[in-house]
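Novice: For the sequence shown, my numbering assigns the number 348 to the initial residue and increments by one for each residue that follows.
Glycine included, every Cβ here is placed at the ideal spot set by N, Cα and C.
Can you read through this structure? Questions will come right after.
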Amino acid sequence: MPATGQSADVASAQEPAPLGAPQTGHPPESPGAQDAPAIRASRTAGPDLDWREGGIPVSTRFDDPYFSLADGLAETRHVFLAGNRLPERFRDGFAIAELGFGTGLNMLATLIGWRAVGRPGRLSYLSFEAFPLAAPDIARALAAFPEARAVADPFLAAWGAGQRRFDLDGMEVEVRIGDARDLLPRWEGRADAWFLDGFSPAKNPELWSEALMAEVGRHTAPEGTFATYTAAGHVRRALAEAGFTVTRQPGHGRKRHMTTGVLGR
Numbered sequence: 348m349p350a351t352g353q354s355a356d357v358a359s360a361q362e363p364a365p366l367g368a369p370q371t372g373h374p375p376e377s378p379g380a381q382d383a384p385a386i387r388a389s390r391t392a393g394p395d396l397d398w399r400e401g402g403i404p405v406s407t408r409f410d411d412p413y414f415s416l417a418d419g420l421a422e423t424r425h426v427f428l429a430g431n432r433l434p435e436r437f438r439d440g441f442a443i444a445e446l447g448f449g450t451g452l453n454m455l456a457t458l459i460g461w462r463a464v465g466r467p468g469r470l471s472y473l474s475f476e477a478f479p480l481a482a483p484d485i486a487r488a489l490a491a492f493p494e495a496r497a498v499a500d501p502f503l504a505a506w507g508a509g510q511r512r513f514d515l516d517g518m519e520v521e522v523r524i525g526d527a528r529d530l531l532p533r534w535e536g537r538a539d540a541w542f543l544d545g546f547s548p549a550k551n552p553e554l555w556s557e558a559l560m561a562e563v564g565r566h567t568a569p570e571g572t573f574a575t576y577t578a579a580g581h582v583r584r585a586l587a588e589a590g591f592t593v594t595r596q597p598g599h600g601r602k603r604h605m606t607t608g609v610l611g612r
């Protein structure tokens with residue numbers, strides 16, 4: 348999560364060419380904390396981590412876990428996959444974009460779903476992350492999810508080698524390192540589905556601003572969708588202003604609500 352700022356948003360200072368196109372145990376949100384840290388960080392900045400019992404990484408910068416304390420993989424499937432009606436919508440050329448790469452758990456859950464449907468073609472997955480985790484920290488976090496960890500070795504090998512673009516069984520993954528407020532406006536593609544997975548809006552408000560949500564709308568294909576764990580009112584209003592028909596849905600676990608939307612309906 349992180350730029351997620353998970354989702355928070357390092358690799359090289361040079362931005363890679365476009366492809367075709369944490370979960371979070373977030374506490375209740377408030378409209379926007381004035382003292383939340385800005386995520387316009389240097390491209391060499393890394394996350395500050397603490398580890399809770401059970402191997403759960405917590406960002407000390409944002410005081411928020413990278414994934415749900417109540418089974419992060421189940422939350423990913425409920426919020427981001429089911430919330431975007433995936434994997435049933437998968438097709439050749441389908442494009443996913445994400446705010447907040449975090450541990451890569453959303454990406455790995457998507458990979459598992461992509462493999463399961465067995466459709467021919469290619470899927471693209473673009474994520475924005477300001478504070479990337481190191482490969483050993485990601486591996487330590489993923490140990491909590493054996494199903495995801497079982498498919499993670501090619502990703503971890505690429506990530507540990509400094510690659511931020513790699514192919515996983517026909518799923519082309521690109522992670523752009525830096526502040527999404529700077530990077531997303533420069534992206535020339537559009538997503539069929541968005542995973543909005545930044546840290547809690549109360550603690551990472553920059554990743555949920557009206558301006559950035561407008562960019563999400565501008566970079567969404569017709570009838571494209573978004574899903575997010577948060578049901579904060581100002582986030583829902585910003586996404587509605589961006590052109591989405593916004594719906595509040597039942598959340599995962601103890602979280603009562605989440606939010607989904609479709610562009611142009």
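1. If contact is defined by three or more beta carbon pairs under 8 Å, each pair taking one atom from either stretch, is the segment 559-573 in contact with the segment 526-534?
2. Would you mind stating whether G590 and G517 have Cβ atoms separated by less than 9 Å?
3. Here's a check: name, in chain order, each residue in its chain whose Cβ is nearer than 6 Å to the Cβ of R523, leaving out the five neighbours to either side.
4. Return the bridge partner residues of G619 from the DSSP annotation.
5. Which residue or residues does DSSP assign as beta-bridge partners of Y472?
6. Measure the Cβ-Cβ separation of G447 and F542 and say whether it is below 9 Å.
7. If you check the beta carbons only, do G598 and V426 fall under 9 Å apart?
8. Determine the contact status of T577 and P552, defining contact as a CB-CB distance below 9 Å.
9. Using DSSP with H/G/I as helix, E/B as strand and the rest coil, what is P662?
10. Give me the Cβ distance between T423 and A444, rounded to the nearest whole Å; I'm assuming they're in contact under 8 Å.
11. Measuring CB to CB, does R466 end up less than 9 Å from R438?
12. Determine the direct distance from the alpha carbon of D411 to that of V609, and round the result to whole angstroms.
13. Does P493 pass the burial test, meaning 16 or more other C-beta atoms within 10 Å, or should it be called exposed?
14. CA-CA distance, A585 and T592?
15. Contact check, P501 vs W461 under 8 Å by CB: the rounded distance?
16. Among residues of its own chain, excluding the 5 on either side of P384, which ones have a beta-carbon nearer than 6 Å to its beta-carbon?
17. For L433, which three-state DSSP category applies?
18. Distance, Cα to Cα, P404 vs G451?
19. So what does T567 bridge to, in DSSP terms?
20. Answer with buried or exposed for R583, where buried requires no fewer than 16 other C-beta atoms within 10 angstroms of its C-beta.
Specialist: The answer reads as follows:
1. Taking 8 Å as the limit for Cβ pairs, the verdict is that the segment 559-573 does touch the segment 526-534.
2. In this structure, G590 lies away from G517, with their beta-carbon atoms at least 9 Å apart.
3. Only F475 and L530 meet the Cβ criterion.
4. Given that the chain is displayed from residue 348 to residue 612, the structure contains no residue 619 and the question cannot be resolved.
5. I443 and V520.
6. A contact, by the Cβ cut-off of 9 Å.
7. Judged by their CB atoms, G598 and V426 are nearer to each other than the 9 Å cut-off.
8. With a cutoff of 9 Å on beta-carbon distance, T577 and P552 are scored as not near each other.
9. The chain is shown from 348 up to 612; residue 662 falls before or after that span and cannot be answered.
10. 16 Å between Cβ atoms; not a contact.
11. Less than 9 Å divides the Cβ of R466 from the Cβ of R438.
12. For V609 and D411, the distance between alpha carbons rounds to 28 Å.
13. By the neighbour-count definition (other C-beta atoms within 10 Å, threshold 16), P493 is an exposed residue.
14. Put simply, the backbone Cα of A585 is about 11 Å away from that of T592.
15. Their Cβ separation, rounded to whole angstroms, is 14 Å, which puts P501 and W461 out of contact at 8 Å.
16. In this prediction, P384 scores a pLDDT of 41, lower than 50, which makes its location untrustworthy; the coordinate-derived value is nonetheless stated afterwards. These residues qualify, in order along the chain: R408.
17. Under the three-state reduction of DSSP output, L433 falls in the coil class, being neither helix nor strand.
18. A direct Cα-to-Cα measurement between P404 and G451 gives close to 13 Å.
19. T567 pairs with A538.
20. That one is buried.
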